[in-house]
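Inspection log for the structure reproduced underneath, given as structure tokens.
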Amino acid sequence: MSLPNLQASPVSANTYKTRNSTTGTGPISLAAEFHRRNQYRAAAVEDMAHKAVRLDAKTFRDKFFSLPADVSPDDRPQWAHDLFKGLAKVKDKDTEPNMSEAQISEEFIKAIKSVDKLTPKLRLAESQHRPDQGDKSKLKVDAGFFRQTFLPTDGRPHWADQIVPVEFKSQDTKNDPYDDRPKKFVDADTLTRKDVRGQLIDYAEHIFRYQHRTELYMLLIIGRRFRFLRWDRSGTIVTPAADYCQDPDMLCEMLWRMALLSDTQLGLDPAAERILPEMDEYKDMDAAAVPQPSDVDHTPRYVYPGEDIPESFVFRFVREAFANSLDPKWPRYRLSVPHGTGVRKFLVGKPNFHASGMAGRGTRGYVALDCDTRCFVWLKDAWRAFYDLVLQEGAVLADLNKSGVPNVPTLVCHGDILGQETRTPEFWKPAKSTITTSTSAAPPSAKAEDRSSSRTLTEEQQMEPTSPNPLKRRISEVDASDLIIPDSDATLSDSDATSPDADAASLDKHAAAPENDAAWPDDKVHKDCPLRRHMHYRVVVKEVCMPLVNFTSGRQLLEIARSCVIAHRDAMKLAKIVHRDISGGNILILPKILYIPALKKKIVKWSGVLADWELSKPLNDKSPPRARQPERTGTWQYMSVATLNEHAKVVETSDELESFFHVILYYAVRYLTSNCSDAGSFIETFFESYSLVNKKYLCGKTKRTAMYQGQLVLDDTDAPLKFSSPLDWFLSRLLQLFKAHYAVVQHQKKQAEKAKATTQNAVEPAPLATDEPFDMPVILDEDAEPLYPLTDSPSQEHQDFQADDDTPPDAAQVALSLQVQSHDCLVDALKHALELVGWNRGDRVKGDNVSPFYVPQYAVGPNVASVKRLRVGTAASSSFVAALTHPGSSSALDSST
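Numbering (UniProt numbering), first residue to last: 1 to 897.
Structure below.
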């Protein structure tokens with residue numbers, strides 16, 4: 001495998017955004033976990049901000065609603081010019097409406113049905129009064145177009161069957177989510193208009209979740225005006241609002257053409273075939289879900305004497321997860337996945353995992369039934385970032401498997417799906433005039449240094465904040481299901497900028513093109529297009545895993561982590577690949593049956609699997625750095641202090657090892673017994689906080705201080721964090737190493753800055769004022785310092801690292817610092833901690849240390865004073881499924897926007 005040596009670009013405050021999620025979906029923060037749907041919608045609006053493209057109705061019609069070859073324009077039905085006379089009393093000005101949404105809906109549907117063959121292959125049905133049975137979201141779009149076979153009669157939305165949703169709003173500018181003024185962003189800024197846009201995004205995301213879609217068309221009626229919308233994973237194409245009462249021709253012709261299109265042309269994926277109850281495959285799925293006597297209990301244990309385990313067995317949790325996916329309210333599909341020159345087919349039901357958000361990868365994970373082998377596998381369906389230098393995840397897995405790297409997913413098959421690419425970027429063009437930021441508000445300021453943010457980062461241009469006050473990044477991941485798979489909807493990848501100046505300079509590029517602009521010549525994506533391009537992709541792996549949240553003790557948490565550290569080490573040594581996205585969602589649990597020769601017994605052991613290699617890259621590529629994608633995505637909580645503070649930094653072994661440390665600490669605080677009385681506050685302050693300095697988001701103070709000072713203290717008492725187990729030794733050991741590492745790094749950085757300052761006018765560069773080499777070598781096993789248990793260091797004042805201290809690190813600090821350049825320090829520390837006495841098998845709490853009544857300190861959605869806040873992005877990620885509301889529900893093995 002070969003990729004250029006790509007570096008992440010600097011990130012400024014007007015380029016980061018966050019990614020929203022809800023229980024049972026992808027990467028989330030505590031704030032996202034504990035808020036209601038209105039907050040979810042607010043964050044969804046931020047996710048889609050500046051991803052709308054304006055396109056005039058005629059071009060939209062011709063591009064997307066072209067007539068079939070056997071249909072002539074003369075074949076269109078006839079309609080009266082006053083077709084919508086029942087709506088004529090709706091004011092065409094923004095005055096108090098005299099018709100409600102229900103009345104507008106009734107009159108509109110009556111008019112549409114009055115024209116014979118206006119929508120020949122589609123039928124319009126109302127659904128505004130009742131949600132689908134069993135749908136916990138309680139969403140109910142006003143109406144929808146359906147195929148006759150699936151036309152509902154119960155007044156419910158039937159999300160699995162809708163072809164084109166229709167939403168009605170009363171006549172008022174406040175109900176219009178988009179802005180047609182040519183020099184403005186397409187997204188309207190006022191809160192009421194954002195609320196409507198959030199509602200539409202919610203509907204679109206819901207349909208994409210239920211169905212297998214490449215795109216979605218939506219009709220929006222605002223009093224006597226209409227808009228057509230087209231959604232895909234890159235953004236939204238929007239037509240200008242037009243008065244259909246005064247001139248019904250364009251709307252009626254668009255509806256007629258739309259109704260003539262095939263399912264594929266209307267956005268249904270032809271590589272996903274619907275399985276109906278009368279079909280054999282439907283019955284096969286039901287049969288496969290029935291528990292079998294040969295199913296093996298996956299609980300860690302000695303295998304019972306005489307217990308017969310066949311060669312091809314199924315762990316009980318896997319079959320249960322598949323059975324749970326056969327929800328009668330969800331459709332079933334037969335999915336095609338490329339395999340060599342052919343395809344393989346897999347049967348799936350409800351996704352065991354789905355990432356939130358409309359923009360981005362839209363990752364869904366399934367426990368699938370292989371149509372050929374009848375074995376259960378894990379299938380990941382996603383819209384991968386589609387750029388020349390970004391490899392398919394399956395290609396990386398193939399290299400890892402070929403190199404013999406342990407504890408990584410085993411590839412079955414993978415490939416892009418029928419060349420299905422998002423098309424919204426084709427229709428983006430730069431604005432013809434400069435957009436000022438005078439109407440933009442800064443992200444909400446805070447009295448404290450750190451504020452809250454969540455989910456996943458993605459680097460996209462935003463309005464420049466006007467306040468330097470520190471804020472809190474939103475980007476956490478919390479598992480709560482029984483299965484998880486490698487997903488990169490919530491992780492950091494390379495971005496398109498190469499300097500901080502590029503971020504601010506390119507702000508104007510995000511304004512949408514004037515309404516008469518069509519696609520870039522030859523439908524090519526404009527070189528400056530900020531919208532991320534995506535390609536539909538599926539990958540199937542052999543292992544169906546459980547999420548890390550299922551660990552049963554502190555000792556087992558370290559055992560699982562050690563398996564993944566070894567996988568990471570061997571990937572670098574054997575395959576020359578670095579992961580670059582260590583997070584809780586990518587460390588999974590795989591039960592295995594092992595034979596212990598010394599005991600002459602078999603055991604069921606839970607091992608770790610390091611998943612989600614989509615953002616990995618080779619170690620030895622010498623190609624010049626260049627951007628791979630126009631967004632930077634990432635899992636904020638688990639990133640090292642160095643990578644959070646230096647966005648152009650190439651990820652090193654020390655950064656990856658620090659990420660492993662943060663994963664272990666996060667799960668320990670949240671799920672193990674300790675002296676931390678407020679786990680929610682600790683998690684928000686330590687993992688989800690950030691500082692805003694010179695318009696750049698940097699690591700939060702609490703996390704930075706802990707790694708610089710080598711101490712974990714509680715916010716309320718400044719007392720050391722304690723777990724009363726060997727875990728305390730492990731955390732102390734690693735903190736000592738990282739404290740030394742950052743002392744050396746900070747000193748070398750200051751010496752380099754001084755040298756640079758003194759040589760600006762010199763002919764020959766002066767050497768750095770240090771005896772230690774700037775590039776630290778990798779330390780091999782035989783060179784590593786032996787481990788000894790560390791005594792507790794005396795309590796120190798909880799303060800930040802003293803940046804002005806010019807005292808060079810002593811020899812002991814340098815020696816400790818060198819250790820974090822090798823995996824050995826972490827592998828050995830984990831091994832040593834596991835061998836220590838004092839582990840308590842009962843240290844795993846039942847449920848969660850974060851109370852279900854926990855009130856997050858910071859909200860999810862945009863603030864009233866903020867036109868553009870940290871917003872939701874791709875991300876992401878890595879897949880993390882919320883553990884709080886459904887601690888026993890199912891997820892699976894798979895992280896973006």
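For every residue, glycine included, the Cβ atom is placed at its ideal position computed from N, Cα and C.
Residue i classed as buried or exposed, judged by whether at least 16 other C-beta atoms fall within 10 angstroms
i: LYS117; result: exposed
i: LYS617; result: buried
i: LEU594; result: exposed
i: PHE853; result: exposed
i: VAL396; result: buried
i: PRO165; result: buried
i: PRO291; result: exposed
i: SER851; result: exposed
i: GLY847; result: exposed
i: LYS402; result: exposed
i: GLU167; result: buried
i: GLY404; result: exposed
Per-residue DSSP class, three states only, for residue i
i: PRO430; result: coil
i: VAL745; result: helix
i: residue 900; result: Shown here, the chain extends from 1 to 897; a query on residue 900 therefore has no answer.
i: LEU557; result: helix
i: CYS545; result: strand
i: GLN420; result: strand
i: PRO425; result: helix
i: TRP159; result: coil
i: PRO331; result: coil
i: GLY342; result: strand
i: TRP839; result: coil
i: CYS825; result: helix
i: residue 944; result: Here the chain covers residues 1 to 897 and nothing more, so residue 944 does not appear.
i: SER105; result: helix
i: ASP388; result: coil
i: GLU753; result: helix
i: LYS831; result: helix
C-alpha gap between residue i and residue j, whole angstroms
i: LYS605; j: PRO300; result: 5 Å
i: GLU106; j: SER336; result: 41 Å
i: ASP843; j: GLN711; result: 22 Å
i: ASP570; j: THR653; result: 12 Å
i: MET250; j: ASP416; result: 36 Å
i: LYS329; j: ALA359; result: 25 Å
i: PHE682; j: ILE560; result: 24 Å
i: THR239; j: MET254; result: 12 Å
i: LYS649; j: ARG130; result: 52 Å
i: LYS350; j: ALA321; result: 10 Å
i: GLU281; j: PRO77; result: 41 Å
i: VAL814; j: ALA323; result: 55 Å
i: GLN857; j: ASP47; result: 21 Å
i: ALA143; j: GLN199; result: 14 Å
i: ILE408; j: TYR244; result: Per the sequence presented here, residue 408 reads as Val, with Ile not at that position. VAL408 and TYR244: Cα-Cα distance of roughly 57 Å.
i: GLN736; j: HIS212; result: 50 Å
i: ASP56; j: VAL71; result: 23 Å
i: ARG562; j: ARG319; result: 28 Å
i: MET218; j: CYS529; result: 24 Å
i: ARG227; j: ASN694; result: 41 Å
i: VAL303; j: VAL669; result: 32 Å
i: LEU830; j: ARG274; result: 48 Å
i: PRO720; j: ARG841; result: 23 Å
Residue-level contact to chain B via CB, residue i, 8 Å cutoff
i: VAL166; result: Note that chain B does not occur in the displayed structure, where there is just one protein chain.
Nearest-angstrom Cβ-Cβ length linking residue i and residue j, presumed shorter than 8 Å
i: VAL565; j: LEU826; result: 5 Å
i: PRO270; j: LEU418; result: 7 Å
i: LEU260; j: LEU411; result: About 41 Å; that fails the 8 Å criterion.
i: LYS63; j: SER234; result: Contact flag wrong, Cβ pair sits at about 15 Å.
i: LEU731; j: LEU665; result: 7 Å
4-residue-minimum alpha helix (DSSP H) runs that sit fully inside the UniProt domain "Fungal-type protein kinase" (192-272), ordered along the chain: With a minimum length of 4 residues, the continuous alpha helix (DSSP H) runs that stay inside the UniProt domain "Fungal-type protein kinase" (192-272) are 249-260.
Complete alpha helix (DSSP H) runs within the stretch 637-699 (minimum length 4 residues, chain order): Counting only runs of 4+ residues, the alpha helix (DSSP H) found wholly inside the stretch 637-699 occupies 641-645, 653-671 and 679-687, in chain order.
Every unbroken alpha helix (DSSP H) inside the stretch 272-330 [4 residues or more]: 280-288 and 316-325, all fully within the stretch 272-330.
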